[in-house]
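Residue numbers (our numbering): 32 to 402. Every residue gets a Cβ at the ideal spot worked out from N, C-alpha and C, and that includes glycine. Computed from a predicted model, the values in this text were never measured in an experiment.
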Amino acid sequence: MRPPPGRPKASRTPSSGGGEAYEAASRGPGVSSPASRHVVIASYLLIAGALLLVLWRDLLPGLLFVCIGFLATRRLARLFDGALPTRFQGAGSSWPRAIAAALVMLAPIGLLVLAFAEAREFVLNAPEQYQELLDYIARTILELRLKLPAEVAVYLPEGSAEVQRMIATYLRAQAGALALTGRAWLGGLLFAYVGLIVGALAGVARASALQGPLALELQQRVRLFGEAFRQIVAAQFWIAAFNTLLTAAFLLVLLPLWGLRLPYEPALITLTFVAGLVPIVGNLLCNAVLTLVGLSVSPIAAAACLIFLIVIHKAEYVINAKVVGSRTHMAVWELLAVMFVAEAVFGPAGLVAAPLFYAYLKKELQAKRLV
Numbered sequence: 032m033r034p035p036p037g038r039p040k041a042s043r044t045p046s047s048g049g050g051e052a053y054e055a056a057s058r059g060p061g062v063s064s065p066a067s068r069h070v071v072i073a074s075y076l077l078i079a080g081a082l083l084l085v086l087w088r089d090l091l092p093g094l095l096f097v098c099i100g101f102l103a104t105r106r107l108a109r110l111f112d113g114a115l116p117t118r119f120q121g122a123g124s125s126w127p128r129a130i131a132a133a134l135v136m137l138a139p140i141g142l143l144v145l146a147f148a149e150a151r152e153f154v155l156n157a158p159e160q161y162q163e164l165l166d167y168i169a170r171t172i173l174e175l176r177l178k179l180p181a182e183v184a185v186y187l188p189e190g191s192a193e194v195q196r197m198i199a200t201y202l203r204a205q206a207g208a209l210a211l212t213g214r215a216w217l218g219g220l221l222f223a224y225v226g227l228i229v230g231a232l233a234g235v236a237r238a239s240a241l242q243g244p245l246a247l248e249l250q251q252r253v254r255l256f257g258e259a260f261r262q263i264v265a266a267q268f269w270i271a272a273f274n275t276l277l278t279a280a281f282l283l284v285l286l287p288l289w290g291l292r293l294p295y296e297p298a299l300i301t302l303t304f305v306a307g308l309v310p311i312v313g314n315l316l317c318n319a320v321l322t323l324v325g326l327s328v329s330p331i332a333a334a335a336c337l338i339f340l341i342v343i344h345k346a347e348y349v350i351n352a353k354v355v356g357s358r359t360h361m362a363v364w365e366l367l368a369v370m371f372v373a374e375a376v377f378g379p380a381g382l383v384a385a386p387l388f389y390a391y392l393k394k395e396l397q398a399k400r401l402v
């Protein structure tokens, strides 16, 4: 039927900024346009470039702590929204979000102050412990000189003074490498704290009502990345709990059976759980601290902690792949393969990032129904 005369034909007013094409593309597969495809491809390229830049410029600590700061701030804000007095609650109140962001940003400073207070005695006794270690090494070398053949014993140092001279020579030779390592650790800690601040501020920011197609696509990419990160964190929680259980058994059961006890056992067990939330590297960090504390007791305790470090680090590959794979619906073999390849290409940063990046990749593929 023709429309009655005088009645205008129904027309669709185009939305500003190309929103109609974007809405058509978002209604489902098969309804697309060149402009919308360009926007989607641009969002993928931007995210892929950002993730590669993170690995290339060693910004992984910052990225991880951006996610941690964002999720922690959002979680604390929801808790405070129900716990604060009524006048501070409500959708328009910024008090819960402000308090949550302040706590997240100030928490590392409080932990550092507590750690320095606990480690003060260890630092003050360091010269005495170093001398005891030198004496122990000298006695061990003397026993070896008496037991080994003379032609082999001449290559061993003669006493603690020569041992100390060898250590000083080695440290002078490695001074440049040690300085670079220290600078890398300091830079990583700085990036991590800046990332925590960025994540906390992003967690309290309000979304803009006016967003273009590219911003909406990037928001979708970030949402899937956040879901992958939440799954990895949930899996890493159980890995950290398992590592903490092993560490508690090592400190409270195995070492006392050998007549050895480490100081600050509760603090070391707590550190194991907190550091264990960071894949691979956290386990290495807490076990390095265990080795240093064990060195303050005796070289035998330090050697036991070092062996424990090696065993747990190798077991971490299989444990991480199994737990993370079950949480993110990935097979153990594919996650292990990705972890080994990422470590070979990008080093330790690739090993840490592999579960997260691969989980995000699978989420993108599943969202497009490609896998």
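Residue i and residue j closer than 8 Å at C-beta
| i | j | result |
| --- | --- | --- |
| isoleucine 300 | alanine 279 | yes |
| leucine 308 | alanine 271 | yes |
| valine 85 | leucine 77 | no |
| alanine 259 | alanine 373 | no |
| lysine 393 | valine 402 | yes |
| glycine 100 | glycine 234 | yes |
| asparagine 314 | phenylalanine 339 | no |
| cysteine 98 | glycine 230 | yes |
| proline 92 | alanine 223 | yes |
| phenylalanine 273 | isoleucine 350 | yes |
| valine 227 | phenylalanine 388 | One detail in the question is off: residue 227 reads as leucine in this sequence, not valine. Going by C-beta atoms, leucine 227 is not nearer than 8 Å to phenylalanine 388. |
| valine 135 | threonine 171 | no |
| glutamate 296 | leucine 282 | yes |
Local conformation of residue i per DSSP, three classes
| i | result |
| --- | --- |
| tyrosine 75 | helix |
| glutamine 242 | coil |
| proline 180 | coil |
| valine 402 | coil |
| alanine 55 | Because alanine 55 carries a pLDDT of 43, less than 50, the predicted location of this residue cannot be relied on, and the following value inherits that uncertainty. In the structure shown, alanine 55 sits in a helix (DSSP, three-state: H, G or I). |
| histidine 360 | coil |
| aspartate 89 | coil |
| arginine 403 | Summary: the structure shown does not reach residue 403, with the chain confined to residues 32 through 402, and so no result is reported for it. |
| glutamate 167 | At residue 167 the sequence reads tyrosine, which differs from the glutamate that was named. Correct three-state label for tyrosine 167: helix. |
| serine 255 | The question names serine, yet the displayed sequence has leucine at residue 255. DSSP places leucine 255 in helix when its eight states are reduced to three. |
| leucine 308 | coil |
| proline 127 | helix |
| tryptophan 216 | helix |
| serine 329 | coil |
| leucine 293 | coil |
| proline 188 | coil |
| arginine 237 | coil |
| glycine 378 | coil |
| threonine 44 | Bear in mind that a pLDDT of 41 at threonine 44, under 50, signals an unreliable position, so the number given afterwards is only what the model happens to contain. Coil, per DSSP. |
Proximity test, residue i beta-carbon vs the ligand ADP heavy atom, cut-off 7 Å
| i | result |
| --- | --- |
| leucine 110 | This structure simply doesn't include the ligand ADP, nor any ligand for that matter. |
For residue j and residue i, the rounded distance between their alpha carbons
| i | j | result |
| --- | --- | --- |
| tyrosine 75 | arginine 261 | 21 Å |
| alanine 398 | arginine 106 | 26 Å |
| valine 70 | alanine 246 | 9 Å |
| glutamate 182 | leucine 173 | 15 Å |
| phenylalanine 147 | valine 284 | 27 Å |
| proline 379 | valine 225 | 21 Å |
| isoleucine 140 | arginine 203 | 33 Å |
| leucine 316 | threonine 303 | 9 Å |
| leucine 255 | phenylalanine 377 | 23 Å |
| leucine 145 | threonine 322 | 20 Å |
| alanine 131 | alanine 265 | 21 Å |
| leucine 366 | leucine 396 | 16 Å |
| alanine 236 | glutamine 242 | 15 Å |
| serine 357 | tryptophan 364 | 12 Å |
| leucine 326 | leucine 211 | 24 Å |
| arginine 109 | valine 342 | 40 Å |
| arginine 68 | leucine 249 | 13 Å |
| valine 320 | alanine 215 | 18 Å |
| serine 329 | glutamine 162 | 12 Å |
| alanine 362 | alanine 368 | 10 Å |
| leucine 337 | lysine 178 | 27 Å |
| alanine 169 | proline 180 | 18 Å |
| threonine 359 | lysine 353 | 10 Å |
| glycine 218 | glutamine 251 | 31 Å |
| arginine 400 | proline 244 | 22 Å |
| leucine 232 | alanine 138 | 15 Å |
| proline 483 | alanine 133 | No answer is possible for residue 483: the residues shown for the chain start at 32 and end at 402. |
Contact belief for residue i with residue j at Cβ below 8 Å, rounded distance in angstroms
| i | j | result |
| --- | --- | --- |
| leucine 293 | valine 324 | 5 Å |
| leucine 291 | alanine 334 | The Cβ separation is near 11 Å, so there is no contact. |
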